[in-house]
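Residue numbering for the sequence shown follows the numbering used here, starting at 2 and increasing by one per position. The beta carbon of each residue, even a glycine, is placed where N, CA and C say it ideally should be. Read the structure below first, then the notes.
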Amino acid sequence: MNGQPNFEVDGSLACVGDQVLVCEDALVEVARQSPAAPLTWRFLPATTAGRLIGWREHEQRTYAVVDVDGEDRRLVVFVSDRKIARAARPDMARRRHIHMRGR
Numbered sequence: 002m003n004g005q006p007n008f009e010v011d012g013s014l015a016c017v018g019d020q021v022l023v024c025e026d027a028l029v030e031v032a033r034q035s036p037a038a039p040l041t042w043r044f045l046p047a048t049t050a051g052r053l054i055g056w057r058e059h060e061q062r063t064y065a066v067v068d069v070d071g072e073d074r075r076l077v078v079f080v081s082d083r084k085i086a087r088a089a090r091p092d093m094a095r096r097r098h099i100h101m102r103g104r
């Protein structure tokens, strides 16, 4: 995790493939490489960026499956849906606003 990402919260619902941000500090489950591997947990600070690669439901709760940016090796984690938000690059948000005004 190299410094602050250049993203801000978009406010809309995240879809698979979207860039997302962890909105508050979170203890997350790391995806296992094999079913026999033990559970592993990791702390992710707020503002950690990643790409949403799916959704997972477990015990009546929904978790985002996120591929975390800025790691030496691929890191896929399960984050509570309440702790992530869709991110937008500030320059892209402005372009989208200008495009929508022109309609």
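Sub-8 angstroms separation of residue i and residue j beta-carbons
i     : j     : result
Leu22 : Thr63 : no
Trp45 : Val78 : The residue asked about is misnamed: residue 45 is Leu in this sequence, not Trp. Yes, these two residues count as a Cβ contact at 8 angstroms.
Arg57 : Asp68 : no
Three-way DSSP call (helix, strand, coil) for residue i in this model
i     : result
Arg83 : helix
Ala47 : coil
Gly18 : coil
Glu58 : strand
Close Cβ partners of residue i (< 6 angstroms) along its chain, the five nearest in sequence each way excluded
i     : result
Asp19 : Leu53 and Arg87
Ala94 : Summary for Ala94: the model assigns pLDDT 47, below 50, so the residue's position carries little reliability, and this model does not support an answer.
Arg70 : The residue asked about is misnamed: residue 70 is Asp in this sequence, not Arg. Correct list, in chain order: Ala50 and Gly51.
The beta strand (DSSP E) enclosing residue i, as first and last residue numbers
i     : result
Asp1  : Residue 1 falls outside the range modelled here, since the chain spans only 2 to 104, and no answer is possible.
Ala38 : No beta strand (DSSP E) contains Ala38, which DSSP labels as neither H nor E.
Glu30 : Ala27 to Val31
Inter-residue spacing [alpha-carbon to alpha-carbon] between residue i and residue j
i     : j     : result
Ile85 : Glu25 : 8 angstroms
Cβ shell of residue i (< 7 angstroms), same chain only, five flanking positions each side left out
i     : result
Gly55 : Val17 and Val66
Leu28 : Trp42 and Phe44
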